[in-house]
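Protein chains in written order, with our numbering: chain L, 40 to 389; chain U, 901 to 1011.
(1) Considering only C-alpha positions, which residue in the set L/113, L/131, L/115, L/83 is nearest to residue 101 of chain L?
(2) Express the C-alpha separation of residue 242 of chain L and residue 294 of chain L in angstroms, rounding to a whole number.
(3) Should residue 51 of chain L be flagged as near chain U, meaning a C-beta pair shorter than 8 Å?
(4) What does DSSP give as the partner residue(s) for residue 958 of chain U in the beta ladder?
(5) Would you grab the beta carbon distance between residue 150 of chain L and residue 277 of chain L for me? Rounded to a whole angstrom, and I think it's under 8 Å.
(6) Is the shortest distance between the beta-carbon of residue 159 of chain L and the beta-carbons of chain U less than 8 Å?
(7) For residue 166 of chain L, go through chain U and note every residue whose CB falls closer than 7 Å to its CB, in chain order.
(8) Starting from residue 947 of chain U, find everything on chain L with Cβ-Cβ shorter than 9 Å and list it in chain order.
(9) Using DSSP with H/G/I as helix, E/B as strand and the rest coil, what is residue 44 of chain L?
(10) Could you give the residue range of the beta strand (DSSP E) that holds residue 268 of chain L?
(11) Can you list, in chain order, the residues of its chain whose CB lies under 6 Å from that of residue 974 of chain U, leaving out five sequence neighbours each side?
(12) Count the other C-beta atoms from every protein chain shown that fall within 10 angstroms of the C-beta of residue 273 of chain L, then say buried if there are 16 or more, exposed otherwise.
(13) What are the boundary residues of the beta strand (DSSP E) that residue 193 of chain L is part of?
(14) On a CA-only basis, which of L/70, L/356, L/182, L/266 is nearest residue 212 of chain L? Give me that one, please.
(15) At a Cβ cut of 9 Å, what residues of the region 942–967 of chain U count as close to chain L, listed as they run along the chain?
(16) In whole angstroms, what is the alpha-carbon distance linking residue 159 of chain L and residue 165 of chain L?
(17) Chain L beta carbons: is any one of them nearer than 8 Å to that of residue 1011 of chain U?
(18) For residue 979 of chain U, which residues in chain L fall below 7 Å Cβ to Cβ?
(19) I need the straight-line Cα distance from residue 252 of chain L to residue 146 of chain L, nearest angstrom please.
(20) Flag this pair as yes or no: are the beta carbons of residue 259 of chain L and residue 191 of chain L separated by less than 8 Å?
(21) State buried or exposed for residue 44 of chain L, treating a residue as buried only when at least 16 other CB atoms are found within 10 Å of its CB.
(22) Between the C-alpha atoms of residue 51 of chain L and residue 271 of chain L, what's the straight-line distance to the nearest angstrom?
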């Protein structure tokens, strides 16, 4: 069981900044995210896109913002459960919550902060009738353990960076890699496209374009895929089929936690502290809604800051906290570091 | 003052037809118009914010209205999206201009 002060669901910008604000109040945080890396949409959808409305950054790439936030909260030693989706929540007699992921990892905390953005990002599944029959029986929507593919025949579908990158990587691991894409052009980085072209020429990647996988066959596990290439339809034998068509956000299991939901977002009390209808559970950032809500990163930062003050009161009932400026109080990291402004040197008058 | 709205017909994902007026003077695109009229639930359209990176605003163009030419980003995204038809476009890549008067579209299924 992982225990912490504030359990944050979602490791996007708002979740990461919560770690810093909580740290200033000496509260420990642990983050859960369905994605395998922190950053949320910024890392997953548009890491190379510039953002222009982050205070003090006239321009910053979304991926760089994630890196900066990670750097900023590092001193408060957050814990991460990545690649797992928060599935269930149970309130305990002592008022704390136990959140269990789809992989069974349990987390306990007196305060839960949902910073889930648009929800958990689920793989977009291709429209093949019987695909769910083969999930975890040769069909995987994300590659988590590349060694699983050693000496196997792998068919990858998709035309973006993930499909290109994994085709390149697995060309050294799998016995056979086939990349199938609906058109002849790819939307990935130019160097990745060129590398795939090179590997194709070297006979290390089979490239089938313009084509798509329209059927799956096999007894108990996948044994072949049906490929439609223009007017031609044929079967391609394989041990794994990995469709990589990006991710789509779903509010997911959070929608069943008894929280008040409005228009796919969680209603909160914005006049006070962004608490939901369940005391001890907060919702901050793009996942919440209230009159006048704006889905902006900077609004998420503001909400995180206020939410931490309320969390402090729940965790330390009756204890008074006086707001301190980091310029005055400095920052004491949980890792033993201390940052403070240099003291002014006053020269004595002789 | 001259009317700066254009008339657009939008069939939502439940098959309901909406005849709406869209402003040409607010730098909006078709996806944003759909959002502002709440013709699709929040979180199911314009997920990437309008960067042609998610295809959640895919629509089928039903009228022969002249639209801006498809750029590489849009074409590439549609090549990966689901439920794509010959008349598919991304709403986020269609700015609202006077030329859209009479446009008829149908929102593609959520995917």
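Glycine residues also receive a C-beta, built at the ideal position from the N, C-alpha and C atoms.
Reading from the atomic positions:
(1) L/83
(2) 48 Å
(3) no
(4) U/990
(5) Their Cβ separation, rounded to whole angstroms, is 47 Å, which puts residue 150 of chain L and residue 277 of chain L out of contact at 8 Å.
(6) no
(7) 982
(8) 80, 84, 157, 287, 288
(9) Of the three classes helix, strand and coil, the one that applies to residue 44 of chain L here is coil, per DSSP.
(10) 263–268
(11) 952, 990, 993
(12) exposed
(13) 192–196
(14) L/182 is the residue among L/70, L/356, L/182, L/266 whose C-alpha sits nearest the C-alpha of residue 212 of chain L.
(15) 942, 943, 944, 947, 948, 949, 951, 953, 954, 955, 956
(16) 18 Å
(17) yes
(18) 198, 221, 222
(19) Cα-Cα distance, rounded: 40 Å.
(20) no
(21) It is buried - the Cβ of residue 44 of chain L has at least 16 other Cβ atoms within 10 Å.
(22) Each residue's CA atom was taken as its position, placing residue 51 of chain L and residue 271 of chain L some 44 Å apart.
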